[in-house]
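Student:
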Amino acid sequence: MRIGVPREIKVHEYRVGLVPAGVRELALHGHQVLVESGAGNGIGVDDAEYRAAGAAIATRAPEIFERAELVVKVKEPQPHE
Numbered sequence: 001m002r003i004g005v006p007r008e009i010k011v012h013e014y015r016v017g018l019v020p021a022g023v024r025e026l027a028l029h030g031h032q033v034l035v036e037s038g039a040g041n042g043i044g045v046d047d048a049e050y051r052a053a054g055a056a057i058a059t060r061a062p063e064i065f066e067r068a069e070l071v072v073k074v075k076e077p078q079p080h081e
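Numbered per our numbering, the sequence shown spans residues 1 to 81.
Here it is, written out as structure tokens:
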């Protein structure tokens, strides 16, 4: 399954849908994980850590919403997403 993790865009929302450990676990079970660049910045996790865990990095959220079969977010999707 292709799983997408976009950056949260709500004001004062710094959490992220998956941390690198979760990405690693999903990748080990054969899933493809696509994380938006900068998604982990609010929790001190950079793109390199997501890559090391097995994720691909997307430059923009629309790429995630187009390619993912499942989108993991902390908050509800916003109308313009």
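Note that CB positions come from ideal geometry on N, CA and C, so glycine has one too. Small disclaimer: the values here were computed from a predicted structure and weren't measured.
Please tell me whether G4 and V72 are closer than 9 Å, where the distance is taken between their beta carbons.
Tutor: Cβ distance < 9 Å, so G4 and V72 count as in contact.
Student: Please state if the CB of A53 and the CB of R146 are separated by a distance shorter than 9 Å.
Tutor: Absent from the structure is residue 146, since the part of the chain shown begins at 1 and ends at 81.
Student: Within the same chain, show all residues whose beta-carbon is closer than 8 Å to that of A56, passing over the 5 residues directly before and after it, in chain order.
Tutor: The residues are Q32, V33, L34 and V35.
Student: Going by DSSP, which residues form a beta bridge with R2?
Tutor: According to DSSP, R2 bridges with Q32.
Student: Excluding the 5 residues flanking G38 on each side, which residues of the same chain have their C-beta closer than 8 Å to its C-beta?
Tutor: Excluding positions up to five away in sequence, the list reads R7 and D47.
Student: With DSSP run on the structure shown, which of helix, strand or coil describes A61?
Tutor: A61 falls in the helix class under three-state DSSP.
Student: Considering only the beta carbon of each residue, do P20 and G40 sit closer than 9 Å?
Tutor: Contact flag set, yes.
Student: Using a 10 Å radius around the Cβ and a threshold of 16 neighbouring Cβ atoms, would you call I43 buried or exposed?
Tutor: Flag for I43 reads exposed.
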